[in-house]
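My numbering applies: residue 9 is where the sequence shown begins, and numbers increase by one.
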Amino acid sequence: MTEETKDLHPLSYIDTHCHLDGEEFDADRDEVVQRAREAGCAAICLPAIDAKSCRSVLDTCSRYPGYCYPMLGLHPEEVRQDWREQLADIKQIISLTSHLSSLTSHLSPLSSHLSPLLAIGEVGLDFYWSREFADEQLQAFEEQVRWSVEMRLPLMIHCRKAQNELVAILDRYANDLPGGVFHCFTGNEQEARQLLRFPRFVLGIGGVLTFKKSHLPEVLPAAVPLDRIVLETDAPYMAPVPMRGQRNESAFVRHVVSRLAEAYGLSEEEVCRQTTLTAQRVFGMKV
Ligand SMILES: [Zn+2]
């Protein structure tokens with residue numbers, strides 16, 4: 009993304025969480041990226057969910073250098089008996105990726121083929137469907153929190169029906185955490201405040217904000233300063249109204265922007281400007 013094109017679009021934003029490597033996009037990924045660019049999306053961040061998807065995330069990012077950025081980790085719903093092997097595999101991929109990007113960062117023609125690794129993610133806890141692997145989830149999450157601290161990479165966090173357990177783990181590392189995103193936040197004011205106690209962390213807000221029954225339009229302005237919010241799709245899931253039920257994509261973020269602008273009583277330009285600055289701050293992005 010060049011400065012010129014960024015300036016041309018009045019509503020330039022970053023989609024901080026999009027599963028663009030998913031098979032749902034195999035048939036028309038180029039068109040999806042094209043529509044995102046036309047809608048003002050300046051960059052797309054891709055979270056992995058397991059070792060296999062680390063490879064597809066890196067592969068997809070290499071097709072759109074400087075536009076799609078990888079995040080690598082083990083998703084709580086993918087934690088099973090083999091979680092230790094998965095983590096070992098993922099850690100190796102992370103080391104190779106960071107090594108490659110540090111090797112090529114001085115060689116501009118080569119580095120243009122690699123977007124730097126943005127974060128460890130998506131990681132977290134999910135006790136919504138089952139607690140079958142609850143212990144394994146807790147251990148896998150804590151291990152990846154340690155990676156975040158050691159590697160100074162922010163966390164892309166997924167949390168469902170497990171906020172107290174999640175906060176208890178983060179508390180142990182509170183002074184050393186480089187920051188991150190609590191993605192797909194859907195909680196109440198108290199839950200928002202509990203998460204924002206972690207100073208370099210922000211909330212990821214997407215399609216749920218636009219749902220008829222969502223309390224977020226009241227909860228967010230009451231408890232969350234706009235500079236603690238980043239935008240996301242979680243595509244292909246969570247399409248905003250009026251696209252609800254369809255496959256989500258980064259171009260649809262503009263519906264979230266307009267709802268957020270309404271909720272905070274600000275212009276859409278201001279929402280885009282502020283959330284972009286926040287994403288750049290959290291991830292150390294230069295786009
Ligand atoms: Zn996700």
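Note that CB positions come from ideal geometry on N, CA and C, so glycine has one too.
According to DSSP, Tyr-77 sits in a beta bridge with which residue or residues?
Cys-53
With 16 as the cutoff for other CB atoms within 10 Å, does Gly-188 come out buried or exposed?
buried
Beta-carbon contacts of Ala-230 that lie in its chain and below 6 angstroms, excluding the five residues immediately before and after:
Same-chain partners within the cutoff: Glu-197.
Contact belief for Leu-8 with Glu-226 at Cβ below 8 angstroms, rounded distance in angstroms:
Here the chain covers residues 9 to 295 and nothing more, so residue 8 does not appear.
For Gly-292, which residues in the same chain have their Cβ closer than 6 angstroms to its Cβ, ignoring the five residues on either side in sequence?
none
So, for Met-9: in the same chain, excluding its five sequence neighbours on each side, which residues have a beta-carbon less than 8 angstroms away from its beta-carbon?
Note that Met-9 scores 45 on pLDDT, short of 50, meaning its location in the model is unreliable; the coordinates nonetheless yield the value given after this. Excluding residues within five positions, the ones whose Cβ falls inside 8 angstroms are Ala-50, Ala-51, Gly-74, Tyr-75 and Val-295.
Secondary structure at Gly-48, three-state DSSP: helix, strand or coil?
coil
Once the 5 residues before and after His-223 are set aside, which same chain residues still bring their CB inside 8 angstroms of it?
Asn-196
Distance between Phe-141 and Gln-288 (C-alpha atoms, nearest Å):
34 angstroms
Ignoring anything shorter than 4 residues, give me the alpha helix (DSSP H) runs that lie fully in the region 182-268, in order along the chain.
Counting only unbroken stretches of 4 or more residues, the alpha helix (DSSP H) elements lying wholly within the region 182-268 are 197-204 and 224-231, in sequence order.
Taking all protein chains shown into account, do 16 or more other C-beta atoms lie within 10 angstroms of the C-beta of Trp-137, making it buried, or fewer, making it exposed?
exposed
Please report the straight-line C-alpha distance between Ser-109 and Gln-152, rounded to a whole angstrom.
21 angstroms
Would you check whether ligand 1 has a heavy atom nearer than 7 angstroms to the C-beta of Pro-55?
yes
Would you say the beta carbon of His-107 comes nearer than 7 angstroms to a heavy atom of ligand 1?
no
Less than 8 angstroms between the beta carbons of Leu-204 and Val-232, yes or no?
Judged by beta-carbon spacing, Val-232 lies within the 8 angstroms limit of Leu-204, meaning their Cβ atoms are closer than that value.
Under 8 angstroms between the Cβ atoms of Tyr-272 and Val-279?
yes
On the criterion of 16 or more Cβ atoms from any shown chain inside 10 Å, does Glu-12 qualify as buried, or is it exposed?
Note that Glu-12 scores 45 on pLDDT, short of 50, meaning its location in the model is unreliable and no value can be drawn from it.
Select from Gln-254, Trp-91 and Ile-213 the residue whose C-alpha is nearest the C-alpha of Thr-241.
Ile-213
DSSP state of Met-164 mapped onto helix, strand, coil
strand
Could you compute how far the alpha carbon of His-191 sits from the alpha carbon of Met-164?
7 angstroms
So Ala-269 and Glu-257 are in contact, right, with Cβ under 8 angstroms, and what is the actual spacing, rounded?
The Cβ separation is near 20 angstroms, so there is no contact.
Output needed for Asp-97: all residues of its chain with C-beta closer than 7 angstroms, excluding positions within five of it in sequence on either side, in chain order.
Ala-59
To the nearest angstrom, how far is it from the Cα of Leu-80 to the Cα of Leu-274?
34 angstroms
For Leu-133, which three-state DSSP category applies?
The three-state secondary structure of Leu-133, taken from DSSP, is strand.
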